[in-house]
Amino acid sequence: MSNLALGCTLIFVAVTIVASMWQKLGLEKEVIIGTIRSAVQLLLVGYVLQFVFNTENKAWLVLIICLMLTVASWNAGQRGRGLRGIRWRIAAALTVTEVLTMGLLLGLSIIEPTPQYIIPMSGITIGSAMVVAGLFVNNMKREVQASGGEIEALLALGASTRQAIHTSLKRSVRSSMIPTIDGMKTVGLVQLPGMMTGMIVAGANPVEAVRYQVLIMFALVSSAALTSILLSLLSHRLWFTEDDRLRSIS
Numbered sequence: 003m004s005n006l007a008l009g010c011t012l013i014f015v016a017v018t019i020v021a022s023m024w025q026k027l028g029l030e031k032e033v034i035i036g037t038i039r040s041a042v043q044l045l046l047v048g049y050v051l052q053f054v055f056n057t058e059n060k061a062w063l064v065l066i067i068c069l070m071l072t073v074a075s076w077n078a079g080q081r082g083r084g085l086r087g088i089r090w091r092i093a094a095a096l097t098v099t100e101v102l103t104m105g106l107l108l109g110l111s112i113i114e115p116t117p118q119y120i121i122p123m124s125g126i127t128i129g130s131a132m133v134v135a136g137l138f139v140n141n142m143k144r145e146v147q148a149s150g151g152e153i154e155a156l157l158a159l160g161a162s163t164r165q166a167i168h169t170s171l172k173r174s175v176r177s178s179m180i181p182t183i184d185g186m187k188t189v190g191l192v193q194l195p196g197m198m199t200g201m202i203v204a205g206a207n208p209v210e211a212v213r214y215q216v217l218i219m220f221a222l223v224s225s226a227a228l229t230s231i232l233l234s235l236l237s238h239r240l241w242f243t244e245d246d247r248l249r250s251i252s
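What follows is the structure, given as C-alpha cells:
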C-alpha cells in the first residue's frame, strides 16, 4: 500500500467526525485522539516487530509477551474498579491461558517456534482473553446487583460464599463466552476474519488461509473458556467482605 493510499484512509475518519458533529454526539475529540494513538502505536509496533524478527535474542520475545499481558490485564481491570486485587487475578488468568495455549501450539508443532508465529498468535490469544475477562467482570457486577437478595438469603441459610455466588458465576462465564461462540458459528458466512483476509490480500492460497483461521478460532474458544473459568475461581471471594457479607460495588 502506498503512502498516498494510506493517507486516503483518513476519509473514513473524516466521515465519522462529520457524522458526530451532524448528530451532536460529541465524539469528535475521542475519534481524533483514537486515530492518532492507533496510528502511532501501530507504527511503533511495526518497527519493534521488525527488529525482533531480525534478532535471535529470545529475551525480546518474552518482553513483548509480558508487555502484552500487562497492558491487557490493566485494561480489563478497569472494568473492576472497586474490586481490590482484581487486576492481578486477571493477570494470572491471562498468563495461564497464554502459557497453556502457546504450550500446546508449540508442543504439538502446530506453529513454528519463531517470533513471526509466536507474537501474532500471542497477541490474538491475549487480546481475546482480555475481552472475555472484561465481559466477565462486567457481567458479574450486573449479576451480583440483580441477585443480591438471593445471594444474601443463601448466606443466611448457611451456604458458603462459593455456593451462594455459584449461579452468578456460572451465568457470567456463559455470557462472557457468547461473543466468541457466536463468532465461531458465523465465521465464513457473515464475516471473513482478519487473519484470513490479510493472508488472502497478501496473495496466500485461500485454502491455506482458511487452515490458519480454523486454528485461530479453535484456540480462541479454548482461551475464552480458560480465562473465564480461571477468573471465576480466582475472583469469587472479591465480591464478599472478610466476614462473608456481600460487598456493595458500584
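The opening position of the sequence shown corresponds to residue 3 in the numbering used here, with each subsequent residue numbered one higher. Glycine included, each C-beta is placed from N, C-alpha and C at the ideal position.
Ranking V64, A74, R91 by CA distance to the CA of M104 puts V64 first. Here P208 is exposed, its C-beta having fewer than 16 other C-beta atoms within 10 Å. R89 places its beta carbon 7 Å or farther from that of S237. Beta-bridge partners of L248 (DSSP): F242.
According to the DSSP secondary-structure assignment, V146 is paired through a beta bridge with no residue.
Of the other Cβ atoms in all chains shown, 16 or more fall within 10 Å of the Cβ of E100; this residue is therefore buried.
The residue from A21, V15, T72 with its alpha-carbon nearest to that of I38 is V15. In the DSSP assignment, V175 forms no beta bridge with any residue. Ranking Q25, I183, S170 by CA distance to the CA of W241 puts S170 first.
If the five residues before and after G185 are omitted, its C-beta is found closer than 7 Å to no C-beta atom of its own chain. The Cβ-Cβ distance between L157 and A148 does not fall below 7 Å. With fewer than 16 other Cβ atoms inside 10 Å of its own Cβ, F55 counts as exposed. Ranking E210, N59, G79, I67 by CA distance to the CA of M123 puts I67 first. Looking from the CA of I180, the closest CA among L235, L71, L222 belongs to L222.
Inclusion of I19 and V42 in the CB contact set at 7 Å is not warranted, their separation being larger than that value. With fewer than 16 neighbouring CB atoms inside 10 Å of its own CB, L235 falls in the exposed class. In the three-state scheme derived from DSSP, where H, G and I count as helix and E and B as strand, P115 is classed as coil.
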